[in-house]
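Numbering (our numbering), first residue to last: 178 to 643.
To start, the structure under review is shown below, and the notes come after it.
Structural data, given as structure tokens:
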């Protein structure tokens with residue numbers, strides 16, 4: 178068990194370092210080894226965020242509750258990328274899990290939870306149902322739907338492996354943890370059939386890219402398909418599996434880290450080839466966004482603390498399944514906007530123009546008054562939609578977008594939109610006008626305001642009297 182747990186975390190670190198230089202690439206890297214060699218351990222949220230649960234489990238043990246998990250998450254994390262930022266905003270607004278992961282979260286089916294599966298798998302080694310149950314609680318803080326199921330699947334697979342079963346059986350245990358309605362499960366079944374029919378990797382890659390591809394490079398289904406394909410075609414070989422996973426592109430560091438963790442759990446630390454281990458030293462480096470004390474210094478120390486928790490929590494059962502998520506809308510993120518002269522009310526960053534059939538074939542004019550509720554030194558207005566648009570702030574042209582790219586409404590990796598710096602040192606009140614050229618189907622519009630650290634800024638979005 179000690180060798181398998183250590184192998185799991187070493188594989189996680191190796192894969193993260195291997196894939197980090199290519200994160201977000203739509204091209205397939207085609208690498209055969211570290212490129213470039215990292216020269217030591219590197220910080221990666223794939224491992225960093227799991228340390229929150231290490232500390233929480235050591236503190237609360239089996240008494241760790243979902244509300245307490247949410248408090249630990251909020252206290253320990255100061256990173257505002259994608260689903261993390263949405264969850265921190267929602268928790269700050271008083272929403273508890275699972276609402277915190279579901280409300281106004283375009284990234285709810287991203288990989289941010291799936292990459293945290295190893296802590297639950299290793300603490301509850303050999304108990305896939307228990308590991309998956311705790312993983313579901315974890316994921317519900319900042320995800321919903323397939324974003325939750327992706328972590329459940331991986332926690333079950335890794336727990337089964339750490340309990341001593343083979344890879345094929347572990348993958349079956351993971352699929353059993355998924356509901357029949359899951360797109361992940363549907364895709365895995367399709368990949369199994371394709372693998373039996375052809376026994377080659379490229380048709381698997383093509384199936385995932387064609388049928389489950391996403392404009393969001395962190396999408397949990399698409400990337401889960403790449404990892405699953407690598408596991409099938411890797412045939413239990415650490416190096417081959419890792420390289421197949423990373424060379425799919427997209428979320429390369431997460432995919433390689435997950436593949437490395439799974440193969441490390443299967444083969445143990447001694448089963449990881451020396452050339453892969455000797456480049457990434459056995460040292461844990463965390464990002465400065467993680468606000469924790471007592472972080473383990475090495476993968477070895479992390480493994481020993483996990484093994485102590487595993488013994489302490491032996492016999493703990495899976496937590497009760499969460500009820501279906503219903504998100505209260507009244508008073509939470511409520512916004513007003515004037516669309517082609519008509520007053521509209523909506524919740525969150527997404528203005529659902531696609532649900533307004535009267536707009537088909539017409540230019541769309543959306544006007545809203547933005548009032549910041551907090552004093553900040555800098556603020557960026559994010560405008561994102563599919564299609565061509567012009568944006569004005571207080572009547573002055575502020576941004577133009579002239580392509581049909583689909584939006585990824587993330588300020589640090591904005592796609593299909595523009596960022597507009599607001600003169601917040603002068604005032605906190607702005608009229609925003611966005612005019613979208615006729616586009617079919619009618620696209621949604623995403624509006625948000627962020628600081629330079631991508632943190633969601635508190636604001637009111639209202640319609641002034643006409």
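Note that the Cβ used here is the ideal one computed from N, Cα and C, for glycine as well.
Across which residues does DSSP place residue 521 in a beta bridge pair?
-> 514
What first and last residue would you give for the beta strand (DSSP E) that runs through residue 559?
-> 556-562
Three CB pairs or more closer than 8 Å across the region 454-462 and the region 316-332 = no
Below 6 Å CB to CB, which residues in the same chain sit around residue 343 once its five sequence neighbours on both sides are set aside?
-> none
Three or more C-beta pairs below 8 Å linking the region 524-534 and the region 613-625 | yes
With distances taken between CB atoms, is the gap from residue 471 to residue 187 smaller than 7 Å?
-> no
Expected contact under 8 Å - CB spacing of residue 594 and residue 562 to nearest Å = 7 Å
Using the C-alpha atoms, what's the distance from residue 520 back to residue 198?
-> 46 Å
Tell me which same chain residues have a C-beta within less than 6 Å of the C-beta of residue 275, skipping the five on either side of it?
-> 317, 499, 502
How would you call residue 389, buried or exposed, if buried means at least 16 neighbouring beta carbons within 10 angstroms?
-> buried
How many angstroms separate the CA atom of residue 625 from the CA atom of residue 467?
-> 25 Å
Give the range of the alpha helix (DSSP H) segment to which residue 638 is assigned.
-> Premise fails: residue 638 lies in the beta strand (DSSP E), 636-639, not in any alpha helix (DSSP H).
Between residue 190 and residue 221, what straight-line distance do the alpha-carbon atoms span, to the nearest angstrom?
-> 8 Å
Roughly how many angstroms separate the alpha carbons of residue 180 and residue 194, rounded to a whole number?
-> 21 Å
Strand pairing of residue 594, partner residues [DSSP] = 561
Simplified DSSP state of residue 611, which is helix, strand or coil | strand
Can you find at least 3 beta carbon pairs, one from the region 423-440 and one from the region 237-254, that sit closer than 8 Å?
-> no
Inspect the CB distances between the region 602-614 and the region 555-573 and report whether three or more fall short of 8 Å.
-> yes
Per DSSP, residue 202 forms a beta bridge with which residues?
-> 427
What number of angstroms, rounded off, separates the C-alpha of residue 565 from the C-alpha of residue 589?
-> 21 Å
Which residue comes first and which comes last in the alpha helix (DSSP H) that contains residue 407?
-> 397-411
Determine the closest residue to residue 338 out of 445, 401, 510, 597, with distance taken between C-alpha atoms.
-> 445
Grab me the residues of residue 397's own chain with a C-beta within less than 7 Å of its C-beta, minus the 5 sequence neighbours each way, in chain order.
-> 286, 287, 288, 291, 323, 324, 327
Could you pull out every unbroken alpha helix (DSSP H) segment of at least 4 residues lying fully inside the region 256-316, listed in chain order?
-> 259-269, 276-279, 294-300
Can you pull the DSSP bridge partners for residue 567?
-> 577, 612
Indicate the three-state DSSP secondary structure (helix, strand or coil) for residue 332 in the structure shown.
-> helix
Quick one, which of 617, 224, 640, 559 has its alpha-carbon nearest residue 634's?
-> 559
Please go through the same chain and pick out, in chain order, the residues whose beta-carbon is closer than 8 Å to the beta-carbon of residue 556, but skip the five residues on each side of it.
-> 549, 598, 599, 601, 626, 627, 628, 634
Stretch pair the region 303-310 + the region 261-272: three plus CB contacts closer than 8 Å | no
Tell me whether residue 469 sits in a helix, a strand or coil according to DSSP, three-state version.
-> coil
Return the first residue and the last residue of the alpha helix (DSSP H) that residue 543 is part of.
-> That residue, residue 543, is in no alpha helix (DSSP H); its beta strand (DSSP E) goes 541-549.
Validate contact between the region 242-261 and the region 359-379 using beta carbons, cut 8 Å, 3 pairs = no
Note down the Cα distance separating residue 437 from residue 604, rounded to an integer number of angstroms.
-> 50 Å
Does the beta-carbon distance from residue 355 to residue 361 come in below 7 Å?
-> yes
For residue 250, is the classification buried or exposed, using 16 other Cβ atoms within 10 angstroms of its Cβ as the cut-off for buried?
-> buried
Best match in 488, 632, 636, 487 for proximity to residue 545 [C-alpha to C-alpha] = 636
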